[in-house]
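Protein chains in written order, with the UniProt record's numbering: chain A, 1 to 116; chain B, 1 to 116.
All C-beta atoms, glycine included, are put in the ideal place defined by N, C-alpha and C.
Every value quoted in this text rests on a predicted model; they were computed, and no experiment measured them.
Notes for the one structure printed next.
2 protein chains.
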Amino acid sequence: MTDDDAVFRALADGSRRLLLDRLRARDGQTLGQLCLGLDMSRQAVAKHLAVLEEANLVAWQRQGREKLHFINPVPIHQIARRWITQFDLPRLDALAALKDRLEGPENDEQGKDNAP
Amino acid sequence: MTDDDAVFRALADGSRRLLLDRLRARDGQTLGQLCLGLDMSRQAVAKHLAVLEEANLVAWQRQGREKLHFINPVPIHQIARRWITQFDLPRLDALAALKDRLEGPENDEQGKDNAP
DNA sequence: TTAATACGCAACCAAATGGTTGCCTGTCAA
DNA sequence: TTGACAGGCAACCATTTGGTTGCGTATTAA
């Protein structure tokens with residue numbers, strides 16, 4: 001329905017997030033390359049890529065008989081922005097601290113649960 | 001599998017995102033209240049809430065015969081942070097600009113598609 | 001030209017998902 | 001105490017999802 005919906009759905013699957021990770025590590029890979037360590041059939045990977053394409057998270061380009069896949073960070077960017085602004089507006093300044101930490105030496109953790 | 005997985009899955013459904021929106025608008029609502037305008041059976045909403053609870057996105061508290069639901073922003077926070085840092089590290093400074101815009105008057109849009 | 005490579009298409013399958021209905025339990029108020 | 005109200009549980013159903021296999025097509029290399 002929403003345009004985000006496709007993105008959320010695409011991100012809902014671990015295999016697809018893994019594919020995004022791999023593309024982030026090295027952009028412009030072919031289907032075959034993306035299949036390599038994955039314990040999944042080529043067609044399964046192709047289907048996942050189709051979902052990612054439909055969500056506009058991955059774009060591709062023909063090169064001869066190869067299909068090179070490229071990651072598109074914009075939708076994630078938008079969603080992250082939206083959900084940060086909608087959910088965490090009061091804590092947005094925490095991101096400044098995050099930025100500081102990232103530019104600094106090490107990352108530390110912070111609290112997790114607060115179930116009543 | 002991952003701890004994020006439950007969160008991503010939970011966020012994948014529009015109805016559940018809507019429930020989170022409603023809780024964000026007013027925290028501590030009962031099942032019945034959350035059902036009100038939703039064109040879904042009470043049990044369907046209860047199931048969605050169960051998914052959100054399992055992802056630790058919603059916590060609840062008994063009060064007599066009522067069950068008050070509370071939103072927990074931490075998991076989204078964590079995911080947003082992770083995905084921003086993993087995907088957008090080079091653009092992290094854009095968040096500073098975002099913060100400026102949010103503290104300023106109006107929000108403008110930016111580019112969408114870039115399929116080849 | 002032939003064969004190997006890289007991918008697409010379609011059918012099929014099991015399991016998960018989102019939803020329903022029916023009925024049961026606990027709590028509050030008359 | 002007796003309803004009415006808020007919610008829980010379980011069975012059931014249709015569709016979607018994630019995956020497979022089999023076969024077909026285009027491109028490259030021998």
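- Following the DSSP letters along the chain, one finds A:Arg9 inside the alpha helix (DSSP H) bounded by residues 3 to 11.
- The beta carbons of B:His48 and B:Ser15 sit closer together than 8 angstroms.
- The residues Ile79, in chain order, have a CB closer than 7 angstroms to that of A:Asp4 in the same chain once the five nearest residues on each side in sequence are set aside.
- Under DSSP, A:Lys67 shares a beta bridge with A:Arg62.
- Per the coordinates, the alpha-carbon of A:Arg65 lies some 12 angstroms from the alpha-carbon of A:Gly32.
- Under the Cβ distance rule, B:Ala12 counts among the residues neighbouring chain A, one pair being separated by less than 8 angstroms.
- Against chain A, the CB of B:Asp5 has a partner CB under 8 angstroms away; the residue lies at that interface.
- Excluding the 5 residues flanking it on each side, A:Pro75 has same chain C-beta neighbours closer than 7 angstroms at Val7, Ala55, Asn56, Leu57, in chain order.
- Under the Cβ distance rule, A:Ala80 counts among the residues neighbouring chain B, one pair being separated by less than 8 angstroms.
- Counting the other Cβ atoms within 10 Å of the Cβ of B:Arg82 gives fewer than 16, which makes it exposed.
- Comparing alpha carbon positions, the residue from A:Thr30, A:Leu52, A:Glu53 closest to A:Arg42 is A:Thr30.
- The straight-line gap separating the alpha-carbon atoms of A:Gly37 and B:Arg17 is approximately 34 angstroms.
- DSSP places B:Gln43 inside the alpha helix (DSSP H), whose first and last residues are 42 to 54.
- B:Ala10 counts as buried, since at least 16 other C-beta atoms from the protein chains shown sit within 10 angstroms of its C-beta.
- Taking the Cα positions, A:Pro73 is about 9 angstroms away from A:Arg24.
- A straight-line Cα-Cα distance of about 47 angstroms links B:Ala44 and A:Gln63.
- In this structure, the CA atom of B:Gln61 is about 52 angstroms from the CA atom of A:Gln61.
- For A:Gly14, the enclosing alpha helix (DSSP H) covers residues 14 to 25.
- No residue range can be given for A:Leu36, since it is assigned to no alpha helix (DSSP H) and is classified by DSSP as neither H nor E.
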